[in-house]
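**Q** Before anything else, here's the structure in question.
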Amino acid sequence: AELAKIIQRKVLANGLEVIVVENHGVPLATIEIDVKNGSFTQTPEYEGLAHMYEHMFFKADSIYPEPNQFWDRASDLGAIFNGTTTEERVNYYMTVPSEKLADAIQLVASAIRAPLFRRDELERERQVVIGEYDRYDSNPFSALDRQTTARLYPGNFSRKNIIGNRQIILTTTPEKMRFIQGKYYIPNNSALIVAGDVNPTAVFALAARELGQWSRGADPFVSDPIPAIPPLQKSEGVVVEAGVGAVTVQVQWQGPSVGQDPKSTYAADVFSDVMNDPRSQFQQRLVDSGLWQGV
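Shown next, in the form of structure tokens:
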């Protein structure tokens with residue numbers, strides 16, 4: 007009952023889920039939009055483009071059409087903002103003084119509803135993403151992880167590869183960005199979370215005003231369901247050589263699926279916590295014995 011007073015939820019007519027977490031501890035408010043996108047939606051020809059789209063989010067749109075206009079407006083609001091991409095969601099968040107909440111929601115709404123995907127901005131951001139890719143690729147531990155993941159999910163690596171494929175990133179187009187927008191960046195595939203020094207009634211009204219006209223789309227997971235990843239038929243191994251001073255041994259398994267077996271994922275989380283507990287026999291036998299530096 008107490009939690010229900012703090013966290014309130016509504017779904018707009020267009021399917022957008024709006025969640026408000028009320029906390030008046032400090033005069034700040036954070037807006038977050040989560041989109042059910044991410045690497046798990048990626049076919050090989052879109053490998054890395056969920057992350058590329060994230061980089062194009064805080065760019066020119068129909069209300070702020072010139073380069074840096076969005077950033078200048080965010081600076082005027084005293085905003086801190088960023089985005090992240092994982093396997094199964096992309097999120098964008100912005101923290102502002104709570105008195106600027108209405109302006110911030112309008113700013114984020116314009117970014118998600120009407121991006122322009124200017125070619126000049128895409129080219130600049132492409133180089134930023136390639137820089138991330140090259141740093142990732144030059145890290146020997148990342149190379150090991152990439153090789154093991156590719157063997158763990160044969161035929162489906164693009165759906166696990168957040169950083170992406172270098173050539174796909176280099177050749178992406180505004181048209182591909184618009185395809186992702188039209189398919190996944192729709193209200194019935196998204197959630198708006200507003201937390202902090204806010205009034206829930208006012209937030210729901212702001213959400214309806216700024217995002218209520220955002221057009222609903224076809225459920226992308228009905229028209230194009232994510233294929234089930236088949237279990238491995240045999241164990242595989244790989245050796246990655248690099249100029250490092252210590253040996254890393256990495257063992258990975260396919261874990262339980264959140265979509266198909268969510269209860270087992272909780273057990274897997276508990277299992278991981280037990281294994282990582284420094285008091286566990288697993289850690290004591292391998293680390294405290296001096297056999298390994300860390301596990």
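In our numbering, the protein residues as written are 7 to 301. Every residue, glycine too, gets a C-beta built ideally from N, C-alpha and C.
(1) Tell me, please, which residues DSSP counts as bridged to D140.
(2) At 4 residues or longer, and completely inside the segment 78-139: list those alpha helix (DSSP H) runs for me, N to C.
(3) Between the C-alpha atoms of Q258 and R165, what's the straight-line distance to the nearest angstrom?
(4) Please list the segments of the beta strand (DSSP E) lying wholly inside the segment 196-234, counting only runs of 3 or more residues, in order along the chain.
(5) One question on the structure: do S45 and I232 come within less than 8 Å of each other, judged by their Cβ atoms?
(6) In the structure shown, what three-state DSSP assignment does R315 receive?
(7) Give the secondary structure of A19 by DSSP, where H, G and I count as helix, E and B as strand, and everything else as coil.
(8) Pull up the DSSP beta-bridge partners for E38, would you.
(9) So what's I25 in DSSP terms, helix, strand or just coil?
(10) Would you call Y272 buried or exposed, if buried means 16 or more other Cβ atoms sit within 10 Å of its Cβ?
(11) Which partner residues of I13 appear in the DSSP bridge assignment?
(12) Considering only residues of the same chain and omitting the five flanking positions on each side of G261, which have a CB-CB separation below 6 Å?
(13) Tell me, which residues are paired with D67 by DSSP?
(14) I need the boundaries of the alpha helix (DSSP H) containing D151, first residue and last residue.
(15) Please report the straight-line C-alpha distance between P160 and P50, rounded to a whole angstrom.
(16) Return helix, strand or coil for P180, following the three-state DSSP convention.
(17) Considering only residues of the same chain and omitting the five flanking positions on each side of M281, which have a CB-CB separation below 7 Å?
(18) Taking the straight line between their C-alpha atoms, what separation do you get for N162 and I235?
(19) What first and last residue would you give for the alpha helix (DSSP H) that runs through L238?
(20) Taking the C-alpha atoms as reference points, what is the distance between V301 and V293?
(21) Taking Cβ positions, are M100 and I175 nearer each other than 8 Å?
(22) Check whether the Cβ atoms of D67 and L122 sit closer than 8 Å, and answer yes or no.
(23) At a cut of 8 Å, does the segment 210-217 reach the segment 98-115 through at least three beta carbon pairs?
(24) When the Cβ atoms of the segment 129-149 are set against those of the segment 193-202, are three or more pairs found closer than 8 Å?
(25) Kindly indicate the opening and closing residues of the alpha helix (DSSP H) around E60.
(26) Please work out which residues of its chain come closer than 6 Å, Cβ to Cβ, to S116, disregarding the five sequence neighbours upstream and downstream, and give them in chain order.
(27) Measuring alpha carbon to alpha carbon, tell me which of R95, G21, S104 and L9 ends up nearest V200.
(28) Quick one, are the C-beta atoms of E60 and G89 less than 8 Å apart?
(29) Which residues in the same chain as Q256 place their Cβ atom closer than 8 Å to its Cβ, once the five residues preceding and following it in sequence are excluded?
(30) With F63 and W77 assumed to form a contact (beta carbons below 8 Å), what rounded beta-carbon distance in angstroms separates them?
**A** Considering the structure as presented:
(1) What you label residue 140 is simply residue 134 of the sequence shown in a count that begins at 1. According to DSSP, which records beta bridges pairwise, D140 is partnered with nothing at all.
(2) 107-119
(3) To locate residue 258, count along the sequence shown from 1; it is residue 252. To locate residue 165, count along the sequence shown from 1; it is residue 159. Whole-angstrom Cα-Cα distance: 17 Å.
(4) 196-202
(5) Taking the sequence shown and counting its residues from 1, the one referred to as residue 45 is at position 39. Taking the sequence shown and counting its residues from 1, the one referred to as residue 232 is at position 226. In this structure, I232 does not lie closer than 8 Å to S45 by Cβ.
(6) This structure does not reach residue 315, given that the chain is present from 7 up to 301, and the question cannot be answered.
(7) Here residue 19 is taken as the residue at index 13 of the sequence shown, counted from 1. In this structure, A19 counts as coil in the three-state DSSP scheme.
(8) Against the sequence shown, residue 38 aligns to sequence position 32. Answer by DSSP bridge pairing, in chain order: Y99 and I199.
(9) Against the sequence shown, residue 25 aligns to sequence position 19. In the structure shown, I25 sits in a strand (DSSP, three-state: E or B).
(10) Here residue 272 corresponds to residue number 266 of the sequence shown, with the count starting at 1. Exposed, because fewer than 16 other Cβ atoms sit within 10 Å of the Cβ of Y272.
(11) In the sequence shown, counting from the first residue as 1, residue 13 sits at position 7. For I13, which the question treats as bridged, DSSP gives the partners V27.
(12) As a first step, residue 261 is located in the sequence shown; it is residue number 255 there, counting from the start. Only A274 meet the Cβ criterion.
(13) On the sequence shown, position 61 is the one that residue 67 refers to. Its beta-bridge partners are P121.
(14) Position 145 of the sequence shown, counted from the first residue, corresponds to residue 151. P146 to L158 is the span of the alpha helix (DSSP H), which, as asked, contains D151.
(15) Counting from 1 along the sequence shown, the entry for residue 160 is found at position 154. Counting from 1 along the sequence shown, the entry for residue 50 is found at position 44. Whole-angstrom Cα-Cα distance: 12 Å.
(16) Taking the sequence shown and counting its residues from 1, one reaches residue 180 at position 174. P180 falls in the helix class under three-state DSSP.
(17) As a position in the sequence shown, residue 281 is number 275, starting the count at 1. F288.
(18) For the purposes of this step, residue 162 is taken as the residue at position 156 of the sequence shown. For the purposes of this step, residue 235 is taken as the residue at position 229 of the sequence shown. Those two C-alpha atoms are separated by around 7 Å.
(19) Start at 1 with the first residue of the sequence shown, and residue 238 comes out as number 232. Where L238 is concerned, there is no enclosing alpha helix (DSSP H), given that its DSSP letter is neither H nor E.
(20) On the sequence shown, residue 301 is found 295 positions in, with the first residue counted as 1. On the sequence shown, residue 293 is found 287 positions in, with the first residue counted as 1. Using only the alpha carbons, I get a separation of about 7 Å.
(21) Working through the sequence shown from its first residue, we reach residue 100 at position 94. Working through the sequence shown from its first residue, we reach residue 175 at position 169. Not in contact: M100 and I175 (Cβ atoms no closer than 8 Å).
(22) In the sequence shown, residue 67 corresponds to position 61, counting from 1. In the sequence shown, residue 122 corresponds to position 116, counting from 1. Yes.
(23) yes
(24) no
(25) Translated into positions along the sequence shown, residue 60 becomes position 54. Start and end: L55 to M62.
(26) Within the sequence shown, numbered from 1, the residue matching residue 116 stands at position 110. Hits under 6 Å: D67 and I69.
(27) Residue numbering aside, residue 200 sits at position 194 when the sequence shown is read from its first letter. Ranking the options by Cα distance to V200, first place goes to S104.
(28) If you number the sequence shown from 1, residue 60 lands on position 54. If you number the sequence shown from 1, residue 89 lands on position 83. Yes, the Cβ-Cβ distance between E60 and G89 is below 8 Å.
(29) Within the sequence shown, the letter at position 250 stands for residue 256. Hits under 8 Å: L150, D151 and T154.
(30) The count along the sequence shown starts at 1 and reaches residue 63 at position 57. The count along the sequence shown starts at 1 and reaches residue 77 at position 71. Going by Cβ atoms, the distance from F63 to W77 rounds to 12 Å, so no, they are not a contact pair.
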